[in-house]
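According to the working numbering, the sequence shown is numbered sequentially starting from 2.
Using N, Cα and C, we set each Cβ at its ideal position, and we do this for glycine too.
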Amino acid sequence: MEPREAVDAVIADLRDHPITGDGSGLFTATRHIGLLCHLAARMAADAEYQLAPNIAGLPPAEALGHTTGHLGRAIAHYTQALSPLVTLARPGAQATLQKQLDAIDQHSRLRVYLDDAGRALAAARACLGVSRRPATPSTPATVCVPAPTDRRRS
């Protein structure tokens, strides 16, 4: 499987298994983190392998390195999402009005982390450009531009 196909497969899996604000969402987030860690390790290994002489068929090492960095950001955002997920998954978390208001805040924080992770994954995918398979002449080339840093404090 080519690197871009691997990123696309993981993105599709993450999309097919959305995170919910309950105990199963916590399990799903942990599963997503595992997939992303495996993918980041593969991209880092591919980047190192690409630096060896006479290697063909992989995207440039620079693109793989940028992709790995974006995957690391996605992992960080999913990890940050664990805190609101744990709070939401606790039994009786929605029992009182104050707890319901707190849950709204936790859902908002969760959404921010997951949206940031989605942007990092889109940037990772963009770094890999088009597939390395024979392309049609009308296929435009893409250039990897590092994603802008958007820092938020919680």
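Beta-carbon spacing of residue i, residue j below 9 Å
i	j	result
Ala-82	Ala-30	yes
Leu-15	Leu-86	no
Leu-111	Ile-12	no
Leu-129	Pro-19	no
Gln-107	Thr-80	no
Arg-43	Ala-7	yes
Sequence-distant residues of the same chain with beta carbon closer than 8 Å to residue i, five excluded per side
i	result
Ala-41	Thr-69, Leu-72, Gly-73, Ile-76
Same chain only: Cβ atoms within 6 Å of residue i, ignoring 5 sequence neighbours per side
i	result
Asp-23	Ala-90
Pro-149	Interpretation of Pro-149 is limited by its pLDDT of 43, a score under 50 that renders its predicted location unreliable; no figure is taken from the coordinates.
Leu-52	Ala-62
Asp-117	His-78
Val-113	none
Start and end residues, alpha helix (DSSP H) containing residue i
i	result
Gly-22	Neither: Gly-22 is in no alpha helix (DSSP H) and is coded neither H nor E.
Arg-74	62 to 90
Same chain, Cβ closer than 7 Å to residue i, five either side skipped, listed in chain order
i	result
Ala-48	Ala-62, Leu-65, Gly-66, Thr-69
### Query
Using 8 Å as the threshold, is the segment 17 to 35 in touch with the segment 62 to 69, meaning 3 or more CB pairs across them?
Segments in contact, no.
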